[in-house]
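Heads up, the sequence shown is in my numbering, so the first residue is 679 and it goes up one at a time. Cβ atoms here follow ideal geometry from the backbone N, Cα and C, with glycine treated the same way. Computed from a predicted model, the values in this text were never measured in an experiment.
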Amino acid sequence: MLPFSDEDIYVASKNYLPKIEEYIKSHEGTMRHLGVLDGTIYIELGGTCNGCSMSTMTTKMVVEKKLRELIHPELNVESIFPGQEETLPEGIYKG
Numbered sequence: 679m680l681p682f683s684d685e686d687i688y689v690a691s692k693n694y695l696p697k698i699e700e701y702i703k704s705h706e707g708t709m710r711h712l713g714v715l716d717g718t719i720y721i722e723l724g725g726t727c728n729g730c731s732m733s734t735m736t737t738k739m740v741v742e743k744k745l746r747e748l749i750h751p752e753l754n755v756e757s758i759f760p761g762q763e764e765t766l767p768e769g770i771y772k773g
């Protein structure tokens with residue numbers, strides 16, 4: 679259990695994600711912040727990241743790694759495919 683509320687994590691990650699997105703944009707990809715639930719940040723990778731075999735690696739080794747450095751080492755990041763927001767868990771904090 680993280681010592682922060684979903685709202686706190688949402689606000690912090692919303693502030694840091696644009697800096698991380700610069701890397702994703704350099705590969706002609708896009709990233710959208712979808713929300714937070716129980717210490718897991720949900721994002722959507724689009725553009726050239728959608729369907730790319732490296733999108734899981736980008737989620738874990740770029741986005742999650744950096745947010746763990748900046749916010750808390752126990753954070754998790756999960757990505758969903760564009761247009762599948764209905765698969766997000768119930769109760770997710772969306773800001």
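query, result
"Inter-residue Cα distance where the pair is L680 and D716", "8 Å"
"Within 9 Å, strictly: CB atoms of V755 and K772", "no"
"DSSP state of N754 mapped onto helix, strand, coil", "strand"
"Whole-angstrom distance between R710 and E752, CA atom to CA atom", "21 Å"
"Contacting residues, own chain, Cβ-Cβ under 7 Å from Y701 (five flanking each side not counted)", "V740"
"Sequence-distant residues of its chain with Cβ nearer than 6 Å to G724 (five each side left out)", "T708, P760"
"Cβ pair G713, Y720 closer than 9 Å", "yes"
"Distance between beta carbons of L766 and I758, contact taken as under 8 Å", "7 Å"
"Secondary structure of M739, DSSP reduced to three states", "helix"
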